[in-house]
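Residue numbers (the numbering used here): 1 to 474.
Idealized CB from N, CA, C, for every residue including glycine.
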């Protein structure tokens, strides 16, 4: 098959989150399976600064009725997959990808409406006639509409897939602030008030809709988990599916991880204790290999469960344990974390930063990884944690429910600790279960570590399921 992968960020080129990981790993896996794949993304200023990307298509004028948006196309690559960057100075030659670091750009709706259409124009100019156009999140949710609106016949036999990596972000903006779409009168009849919801349009026009875990797909089809798009998902319920993301074990393998003071594997875990002591020393906790250490690294947002993390922290401090939270985000959350960590410096450290080496050392040196998300479409950190023998403490939601087996649900196959209700009491009781298991059942804890480290979620497996989804479209 010929696959056009349209996305706003790609790992190794530019990244703000897990979307970029998928945009690198999945095209590479599909290419290995024998498919012809190209990726199209915006050519941001940061790419211009990092790469001397040659122009493969000189200035093209994307004429939308009386509007003209000239751009050039530059070529990069990930592995042996070509990546084509849409270089339009007005929209992409600026500091930042989606924001200036503090506020989202006022013209994001215009920028990504243009990009969603320009990606198709690029495929035409490259004479790449796709069987599948694979779109990702709200930034490219208008692409299936533009395919239908195209009257050239170029995409007459092409099918579209929309992957929703996080349904909470929908690209809702007032239509009068999106000049690029003013000539598209079909969209004028699909407003919510005076606003256009890009994700809603993608759900309506894509041939198939999928998300990044089976359980999150089920949640999107429920009133509570649909992010206020219940009617849209229900109308397309037979076209909605979930495919679990894979994990990049080339970057997350304790046996080869260059960020660790000592590597280890499932057959020799002595290096994990070395990592634990190094982590304790680096962040200022008492170096003690016997006290259980709970780590957490994430963006400080409500999605990650802080509404019920914060109220139970002081009760948690009564237990024989250590806690390390690393992350940046909501200033209100960070202020509370700073105050509590200052009150209990011997048990709790909060590092308001993001550091790749520290995040790797935290995964390796912690005994447990805390990930009690309010919602989590797939999640990757719980997969990393399993590989490092760091047992996840998670909520039964989204991809966390698909990847972590609770001790009480299946003793012989358990890989972590899971709770259901999104409240402080349920979270605290779950952590207490984990601590009790650590202190009272050391042999069981080691056995669970072994099962966790043998667990694998590979992109090769995920790519085969995507291939089947593509074939169902055809």
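Count the other C-beta atoms from every protein chain shown that fall within 10 angstroms of the C-beta of residue i, then say buried if there are 16 or more, exposed otherwise.
i           : result
residue 27  : buried
residue 86  : buried
residue 446 : exposed
residue 506 : The requested residue 506 does not occur in the structure, where the chain is confined to residues 1 to 474.
residue 475 : No answer is possible for residue 475: the residues shown for the chain start at 1 and end at 474.
residue 153 : exposed
residue 235 : exposed
residue 314 : exposed
residue 413 : exposed
Is residue i helix, strand or coil by DSSP?
i           : result
residue 64  : Here residue 64 scores only 45 on pLDDT, less than 50, and its place in the model should not be relied on; the value that follows carries that caveat. The answer is strand: DSSP assigns residue 64 an E or B state.
residue 301 : coil
residue 4   : strand
residue 70  : strand
residue 125 : helix
residue 247 : coil
residue 268 : strand
residue 58  : strand
residue 456 : coil
residue 36  : strand
residue 449 : helix
residue 153 : coil
residue 364 : helix
residue 417 : strand
residue 385 : helix
residue 141 : coil
residue 257 : coil
residue 285 : coil
Expressed to the nearest angstrom, what Euclidean distance is found between the alpha-carbon atoms of residue i and residue j?
i           : j           : result
residue 128 : residue 58  : 17 angstroms
residue 32  : residue 80  : 9 angstroms
residue 386 : residue 417 : 12 angstroms
residue 475 : residue 208 : Within the shown structure, residues of the chain are numbered from 1 to 474, placing residue 475 beyond reach of any answer.
residue 290 : residue 162 : 47 angstroms
residue 424 : residue 232 : 32 angstroms
residue 302 : residue 169 : 14 angstroms
residue 267 : residue 250 : 19 angstroms
residue 332 : residue 306 : 11 angstroms
residue 159 : residue 335 : 48 angstroms
residue 270 : residue 17  : 32 angstroms
residue 15  : residue 9   : 6 angstroms
residue 241 : residue 106 : 33 angstroms
residue 68  : residue 184 : 15 angstroms
residue 155 : residue 130 : 7 angstroms
residue 220 : residue 287 : 44 angstroms
Looking only at DSSP bridge pairs, what is residue i linked to?
i           : result
residue 135 : 6, 162
residue 173 : 196
residue 75  : 54, 84
residue 210 : 163, 241
residue 395 : 419
residue 42  : 86
residue 329 : 300
Quiz item: Is there contact here, the region 185-201 with the region 454-465, by at least three beta-carbon pairs under 8 angstroms?
Solution: no
Practice problem: Pair every Cβ in the region 347-357 with every Cβ in the region 370-380, then say whether three or more of these pairs are closer than 8 angstroms. | Solution: no
Exercise. Evaluate the contact criterion for the region 426-435 versus the region 1-9: three or more CB pairs, one atom per stretch, below 8 angstroms.
Key: no
Practice problem: Could you say if the region 142-156 and the region 111-118 meet the contact criterion of at least three C-beta pairs nearer than 8 angstroms? | Solution: yes
Self-check item: Segment contact flag, the region 219-227 with the region 179-193, C-beta cutoff 8 angstroms, min 3 pairs
Solution: no
Quiz item: Is the region 283-299 touching the region 396-414, taking contact as three or more C-beta pairs under 8 angstroms?
Solution: no
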